[in-house]
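Undergrad: Chains as they are written, first to last, in our numbering: chain A, 97 to 415; chain B, 137 to 426.
For every residue, glycine included, the Cβ atom is placed at its ideal position computed from N, Cα and C.
Note that the structure is predicted; figures quoted are calculated from it, not measured.
This is the structure, below, for whatever I ask next.
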C-alpha cells in the first residue's frame, strides 16, 4: 500500500512536533522531570530495539537485558581503561560488546521458535548475569563499576563536558537517529521479509528466503541498538551494575512493548513513558510495591488492549 | 586434581535430593505446558507463596504435615482463580500472550508477598531433625524424606494420569482439544483443574524446600529458571523426561559445585540447555523423532 501524500505529511508534522517538545523539555522542566524524560528516552530506545524482534519479526526475546548490560559494561571498560576518557570509544566498546554477544546469542537462539526462543534468550541473559555477578575482579561484582562522564568531543574541534541539558539533547539526538534508521530498515526489503516471517514463517521459507539468516541479522541489529541504549544509560548514570542484566529488566522491556503497542517503534517509547509515569504515580501510595498495581494494569492490557496504547496508529506509522 | 570419591558420593545424594524437589516443580510446569501451551512464568511465585502459607500454618499449629496439605490446597485454589480470570480469556490467542500475562501475575504475586510478609527470610522448622552418618558428614534424614515424598507425589500424579478418570480426560485434552470437547469432556474445566494441580505441586515443593533454605519473596526466581531449563531439556510436556532431566541437571550442578561456587555451577545447566537445544531440540529423554 503506497502512503498518500497527506498521511505522509501529517506523519512528519507529528514527528516534528514531538521532537520539538522533547527538545525544549529540559529547558522548561524542573530537575527531577528532566532526568525522568532523559531516562524514558533511553529505556524507550531499548524497548524500540526489542520491537524489531517482537513487533516486526514475531520473536519475543526475554534476554534484552544482556545486550543492554553489555553496552553498559563495554562503555564502562572504555571509560575506565582508556585515558583520557573518550565518548566515542565508550560507544564503540559498548556496541562491539553488545554486537559480539548478539551474534553469539543469535546463532543459537534463532534455531528455535516461539516459546523456545524466549526461554533460550532468557537463559543466555542469565548466563551473562551470573558471569558479571560472580567475576568480581573484572566487573566489580554486586557493586558494579563507577566512572566519570566523558566530555563531548569532536577530535580537533570541540571538547565540552556534558551538562544535564546537553546530555539530554545528545540522548535525544541518538534516539531520534536510531528511530529513523530502524524505521527506514522496517520499510526496506529486508524489513518486509522480517514482517513476512512474522506473518507466515513457513510460506516465507517456501518462497525461497533463507529465514535463519534474516533472523540472525534481526537479532544482531536489535542487540546493537539495545547496546547503544546501554551506553547511553552508562553515560547518564556514570555506573554499570549487574542489576540491569537481571532478567526482570528484560521482562520490563517486554512490558513497555506490550503497553505501548508492538510493531510501531514509537509505541514502545510511549509504553516506557506510561510505565514510568505509572510507577511515579503509584509509588506515592504504594511505595516500593508499585509493581502490584502496575502488574494488574499490565495483565488487563494484555487481555483487553492487546494492540497497546499506540496500536491504533499502527497503519499510520508503518506506511 | 585427584577426584575425592567420598565427596562425589555425597554430591550424588545431594543431587538426587535437590533433583526431586526440582522435578516436583518442573512436572507441574510441564503438565501445564503440555495441556494448555501456557508457559507459566508465575510458577515460581506459586512455589514461593506455597512456602509462605506453609510457614503461616506452621506458626499457627506447629504441624508440618498439616502445613503441607493446607498450603497445597490454598495454592491450588489460587491457581484455579488465576487460570479462570487471566488465562481463560486468552485461550485461542497467540501462546506468547500467555507468557506476558503470567509474567504480569508473577510481578504482582512477588511484590504482594514482599508487601505482606516483608523482606526478611523466614524459616520453616523441619518435621524431624535426625541424622545419619554419611562418610564424615552428619546427613539429615529430612532430606531423604523430601526426595521420597517428592517421588511419591510425582508417582501419584503419574498413576492419576494413567488410570484416573480425570487423568484420562486430561490426556485426551492434551492429544486433541477439539476432539475431546466433541466427546463431551468439559475442556475449560480440565484446563482449570490442570492449572490447579500444577499450582498445588509447586506449593508442596515450596513447603518441602522451605526448611532447607529461608522462605523469602524472591525464592521463586532462581527456581523457575532452573525449572524452565529442566522442562526444555526433558522435552516440553514430557513428565518422565522432566523427572530425569531434573535429577541429571541437579547432579551436574552438585558435581560442578565441588570445584566452583554454587552461583557459578548454574552455568553448567545453562550449557546443558544450549547443547540440548542444538543437538536434541525435542528433549534429551525422548526417542529421536522420525
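#1: Would you tell me roughly how many angstroms separate the C-alpha atoms of residue 425 of chain B and residue 223 of chain A, rounded to the nearest one?
#2: Look at the alpha carbon of residue 303 of chain B and the alpha carbon of residue 374 of chain B, and state the distance between them as a whole number of angstroms.
#3: What does residue 185 of chain B touch in chain A if you count any residue whose Cβ is under 8 Å from its own?
#4: Where DSSP assigns a beta bridge to residue 249 of chain A, which residues make up the other side?
#5: In this structure, how does DSSP classify residue 296 of chain A when only helix, strand and coil are distinguished?
#6: Closer than 8 Å is the cut-off here; do at least three beta carbon pairs connect the stretch 144-159 of chain B with the stretch 304-315 of chain B?
#7: Run the CB neighbour count on residue 262 of chain A, radius 10 Å, all protein chains shown included, and call it buried at 16 or more, exposed below.
#8: For the stretch 353-362 of chain A and the stretch 175-188 of chain A, state whether three or more C-beta atom pairs, one from each stretch, are separated by less than 8 Å.
#9: Between the Cα of residue 332 of chain B and those of B:253, B:275, B:207, B:235, spot the shortest distance and give me the residue it belongs to.
#10: Nearest to residue 390 of chain B by alpha carbon, out of B:221, B:232, B:150?
#11: Any beta carbon from chain B within less than 8 Å of residue 355 of chain A's own beta carbon?
#12: List the residues of chain E that residue 253 of chain B touches, going by C-beta distances under 9 Å, in chain order.
#13: For a contact defined as C-beta to C-beta under 8 Å, what are the partners of residue 170 of chain B on chain A?
#14: Going by the beta-carbon positions, is the gap between residue 394 of chain B and residue 408 of chain B smaller than 8 Å?
#15: Report the option in A:399, A:326, A:408 whose CA atom is closest to the CA atom of residue 170 of chain A.
#16: In terms of residue numbering, what span does the beta strand (DSSP E) encompassing residue 273 of chain B cover?
#17: Does residue 353 of chain B come out as helix, strand or coil in the three-state DSSP assignment?
#18: Excluding the five sequence neighbours on either side, which residues of its own chain have a C-beta within less than 6 Å of the C-beta of residue 219 of chain B, listed in chain order?
#19: Could you please give the first and the last residue of the uninterrupted alpha helix (DSSP H) stretch that includes residue 233 of chain A?
#20: Quick one: which unbroken alpha helix (DSSP H) runs of 4-plus residues sit fully inside the stretch 321-374 of chain A? Chain order, please.
#21: Distance check for residue 203 of chain A and residue 312 of chain A, CA to CA, integer angstroms please.
#22: Quick one: is residue 222 of chain A near chain B, going by C-beta distance under 8 Å?
#23: Quick check: the Cα distance between residue 320 of chain B and residue 301 of chain B, rounded to an integer number of angstroms?
#24: Where does residue 97 of chain A fall in DSSP's three states?
#25: Residues of the stretch 218-247 of chain B with a CB closer than 7 Å to any CB of chain A: list them in chain order, please.
#26: Rounded C-beta distance between residue 186 of chain B and residue 343 of chain B? I'm assuming under 8 Å.
#27: I'd like to know whether the C-beta of residue 347 of chain A is nearer than 8 Å to at least one C-beta of chain B.
#28: Using CA atoms only, rank isn't needed, just tell me which of B:369, B:254, B:294, B:348 is closest to residue 411 of chain B.
#29: Please check if any C-beta of chain A sits within less than 8 Å of the C-beta of residue 426 of chain B.
#30: Give the secondary structure of residue 267 of chain B by DSSP, where H, G and I count as helix, E and B as strand, and everything else as coil.
#31: Using DSSP's beta-bridge definition, name the partner residues of residue 258 of chain B.
#32: In chain A, which residues lie with their C-beta within 8 Å of the C-beta of residue 364 of chain B?
#33: In angstroms with no decimal places, state the Cα-to-Cα distance between residue 168 of chain B and residue 414 of chain B.
#34: Quick check: is the beta carbon of residue 134 of chain A nearer than 8 Å to any beta carbon in chain B?
#35: Excluding sequence positions up to five away, which residues of its chain have a Cβ less than 6 Å from the Cβ of residue 289 of chain A?
#36: Considering only DSSP beta bridges, list what residue 241 of chain A is partnered with.
TA: Concretely, from the data shown:
#1: Because the pLDDT of residue 425 of chain B is 47, which lies under 50, any placement of that residue in the model is unreliable, and the number read from its coordinates should be weighed accordingly. Distance between the alpha carbons of residue 425 of chain B and residue 223 of chain A: 29 Å.
#2: 15 Å
#3: Correct list: empty, because the minimum Cβ distance to chain A is about 14 Å.
#4: According to DSSP, which records beta bridges pairwise, residue 249 of chain A is partnered with A:255.
#5: Residue 296 of chain A: coil per DSSP, three-state reduction.
#6: no
#7: exposed
#8: no
#9: Looking at the Cα atoms, B:207 is the closest of the given residues.
#10: In this structure, B:150 is the residue among B:221, B:232, B:150 with its C-alpha nearest to the C-alpha of residue 390 of chain B.
#11: no
#12: Here the protein chains are A and B, and chain E is not one of them.
#13: Ordered by position in chain A, no residue passes the 8 Å Cβ test against residue 170 of chain B, which lies about 12 Å from the chain.
#14: no
#15: A:326
#16: 273-276
#17: Residue 353 of chain B: coil per DSSP, three-state reduction.
#18: 328, 331.
#19: 232-235
#20: With a minimum length of 4 residues, the continuous alpha helix (DSSP H) runs that stay inside the stretch 321-374 of chain A are 343-356.
#21: The straight-line gap from Cα to Cα measures roughly 6 Å.
#22: yes
#23: 13 Å
#24: Residue placement at residue 97 of chain A is flagged as unreliable, the pLDDT there being 45, under the threshold of 50; a coordinate-derived value is accordingly withheld.
#25: In summary, the residues of the stretch 218-247 of chain B whose CB is separated from some CB of chain A by less than 7 Å are 222, 225, 226, 231, 232, 233, 235, 236, 237, 239, 240, 241, 243, 244, 247, in the order they occur in the chain.
#26: 6 Å
#27: yes
#28: Of the listed residues, the one whose Cα sits closest to residue 411 of chain B is B:369.
#29: No answer about residue 426 of chain B holds up, because its pLDDT of 42 lies below 50 and its placement is not dependable.
#30: strand
#31: B:351
#32: 215, 218, 219
#33: 25 Å
#34: No, no contact with chain B.
#35: 305, 310
#36: A:336
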